[in-house]
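Q: Following this message is one structure expressed as structure tokens.
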């Protein structure tokens, strides 16, 4: 029974991370027969998960949006809060967070009913946060584009470049990149026969065409490097500091945005990667402990500038 339950959870995870699975693929991943797979799918349906199935050569299984929120151990308010929080984390500019956050956001949005998706987009539109400092992108746009990248499926959308009229594009999507508070899609433009980066806040009505493609070699080290070269955005900084405080205390202030390496009971090394030096400075200040900057030199100068500014602010109130 325990094996059946764990296999059912594994099946659910697979369905949430892929747009469409053939029966043979799913059965192979789970190590069971297709007959056992059908029984596991029925168990998910009994739990309220809307798993659709199609027969034939192009048939298979996929997890569809439900009329009500499936039993994810979350109520409506928690689901909305989770999606908004993950969306902000995905746009934080902290290296390593974007991809993981986007995978989590894709899973959540895929099972939200339309009424909750609308609430997520409305709340993110009307909320300001330090994480999402750039233009707000609808969660549904993010997930549609992300799924097309993942499934290597051609994508159509309307795009309005700066100072230009709206045009219809068809592309072979490669990767999503969060950079400088904005989302970009790196893709091969089939009309212009060249690689392009598209800002997602200028992109509307994305839809998969159902046509798969073989990936082309990207003319850059990676998608982030391609966007930086196209936009002139700065490369991220990798900040390191020696903090004279217990690791548990540092984690409370820095959270998951940095790597904390305990050196002894009262000292640890903190590493953070960010396109802005302001956030690491604020995070270290929030610890409330002495720290030493290990690098880079730009961060040391940035901390000195902040310190001088604070000193000037307090000296103005000092008496003669």
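In the numbering used here, the protein residues as written are 39 to 358. Think of the CB as a built atom: it goes at the ideal place given N, C-alpha and C, for glycine as much as any other residue. Predicted model only: the values in this text are computed from it and were never measured.
In terms of residues, what are the limits of the alpha helix (DSSP H) holding residue 347?
A: The residue given as residue 347 occupies position 309 in the chain shown. Looking at the DSSP string, the run of the alpha helix (DSSP H) that includes residue 347 is 335-353.
Q: Check this for me: beta carbons of residue 344 and residue 311, under 7 Å apart or not?
A: Reading the chain shown from its first residue, position 306 is the one you call residue 344. Reading the chain shown from its first residue, position 273 is the one you call residue 311. No, Cβ-Cβ distance for residue 344 and residue 311 is not below 7 Å.
Q: For residue 194 versus residue 251, is the C-beta spacing smaller than 7 Å?
A: Translated into the one-based positions of the chain shown, residue 194 becomes position 156. Translated into the one-based positions of the chain shown, residue 251 becomes position 213. No, the pair does not count as a contact, with Cβ atoms beyond the cut-off.
Q: Taking only the alpha-carbon atoms, compute the straight-line gap between residue 78 and residue 85 and give it to the nearest angstrom.
A: Here residue 78 refers to the residue found at position 40 when the chain shown is read from its first residue. Here residue 85 refers to the residue found at position 47 when the chain shown is read from its first residue. Whole-angstrom Cα-Cα distance: 11 Å.
Q: For residue 196, which beta-bridge partners are listed by DSSP?
A: Numbered from 1 along the chain shown, position 158 holds the residue referred to as residue 196. Beta-bridge pairing links residue 196 to 206, 242.
Q: Mind checking residue 47: buried by the 16 CB within 10 Å criterion, or exposed?
A: For this step, residue 47 is matched to residue 9 along the chain shown. Classification of residue 47: exposed, given that the 10 Å Cβ count is below 16.
Q: On a CA-only basis, which of 74, 58, 119, 67 is nearest residue 91? Give me that one, please.
A: Here residue 91 refers to the residue found at position 53 when the chain shown is read from its first residue. The residue with the shortest Cα to Cα distance from residue 91 is 58.
Q: Could you give the DSSP three-state label for residue 248: helix, strand or coil?
A: The residue you call residue 248 lines up with position 210 of the chain shown. Three-state result, residue 248: strand.
Q: Taking Cβ to Cβ, would you say residue 279 is nearer than 7 Å to residue 329?
A: In the chain shown, the residue the question calls residue 279 occupies position 241. In the chain shown, the residue the question calls residue 329 occupies position 291. For residue 279 and residue 329, yes; Cβs fall inside 7 Å.
Q: Write down every uninterrupted run of the alpha helix (DSSP H) in the stretch 265-329 whose length is 4 residues or greater and which is fully enclosed by it, in chain order.
A: DSSP runs (the alpha helix (DSSP H)) wholly in the stretch 265-329: 285-292, 316-325.
Q: DSSP state of residue 51, grouped into three classes?
A: What you label residue 51 is simply residue 13 of the chain shown in a count that begins at 1. In this structure, residue 51 counts as helix in the three-state DSSP scheme.
Q: Is residue 185 helix, strand or coil when you go by DSSP?
A: Locating residue 185 in the chain shown gives position 147, counting from the first residue. Helix at residue 185.
Q: What separation, rounded to the nearest whole angstrom, lies between the Cα atoms of residue 73 and residue 99?
A: Taking the chain shown and counting its residues from 1, the one referred to as residue 73 is at position 35. Taking the chain shown and counting its residues from 1, the one referred to as residue 99 is at position 61. So the alpha carbons of these two residues sit roughly 14 Å apart.
Q: For residue 176, report the span of its alpha helix (DSSP H) as first-last.
A: The residue given as residue 176 occupies position 138 in the chain shown. Here residue 176 belongs to no alpha helix (DSSP H), and DSSP marks it neither H nor E.
Q: Between the C-alpha atoms of residue 283 and residue 309, what's the straight-line distance to the nearest angstrom?
A: Numbered from its first residue, the chain shown carries residue 283 at position 245. Numbered from its first residue, the chain shown carries residue 309 at position 271. When rounded, the distance between both Cα atoms is 15 Å.
Q: Using CA atoms only, rank isn't needed, just tell me which of 208, 175, 275 is closest to residue 314.
A: As a working note, residue 314 is residue 276 in the chain shown. Ranking 208, 175, 275 by Cα distance to residue 314 puts 275 first.
Q: Given that a residue counts as buried once 16 or more other Cβ atoms are within 10 Å of its Cβ, and exposed if not, what is residue 333?
A: As a position in the chain shown, residue 333 is number 295, starting the count at 1. Counting Cβ neighbours within 10 Å, residue 333 comes out exposed, since fewer than 16 surround it.
Q: Check whether the Cβ atoms of residue 260 and residue 291 sit closer than 7 Å, and answer yes or no.
A: Position 222 of the chain shown, counted from the first residue, corresponds to residue 260. Position 253 of the chain shown, counted from the first residue, corresponds to residue 291. No, they are not a contact pair.
Q: Based on the DSSP secondary-structure assignment, which residues constitute the bridge partners of residue 100?
A: On the chain shown, position 62 is the one that residue 100 refers to. For residue 100, which the question treats as bridged, DSSP gives the partners 90.
Q: So, using beta-carbon positions, are residue 225 and residue 206 closer together than 7 Å?
A: By 1-based counting over the chain shown, the position of residue 225 is 187. By 1-based counting over the chain shown, the position of residue 206 is 168. Not a contact, by the Cβ cut-off of 7 Å.
Q: Which class does residue 191 belong to by DSSP, given the choice of helix, strand or coil?
A: Taking the chain shown and counting its residues from 1, one reaches residue 191 at position 153. Reduced to three states, the DSSP call for residue 191 is strand.
Q: Quick check: residue 237 and residue 220, are their CB atoms within less than 7 Å of each other?
A: Translated into positions along the chain shown, residue 237 becomes position 199. Translated into positions along the chain shown, residue 220 becomes position 182. Yes, the pair counts as a contact, with Cβ atoms nearer than the cut-off.
Q: Look at the Cβ atom of residue 101, then the Cβ atom of residue 178, and state whether they are nearer than 7 Å.
A: Translated into the one-based positions of the chain shown, residue 101 becomes position 63. Translated into the one-based positions of the chain shown, residue 178 becomes position 140. Taking 7 Å as the Cβ cut-off, residue 101 and residue 178 do not qualify as a contacting pair.
Q: Per DSSP, which residues does residue 213 bridge with? Please list them.
A: Along the chain shown, read from residue 1 onward, the residue named residue 213 stands at position 175. Answer by DSSP bridge pairing, in chain order: 224.
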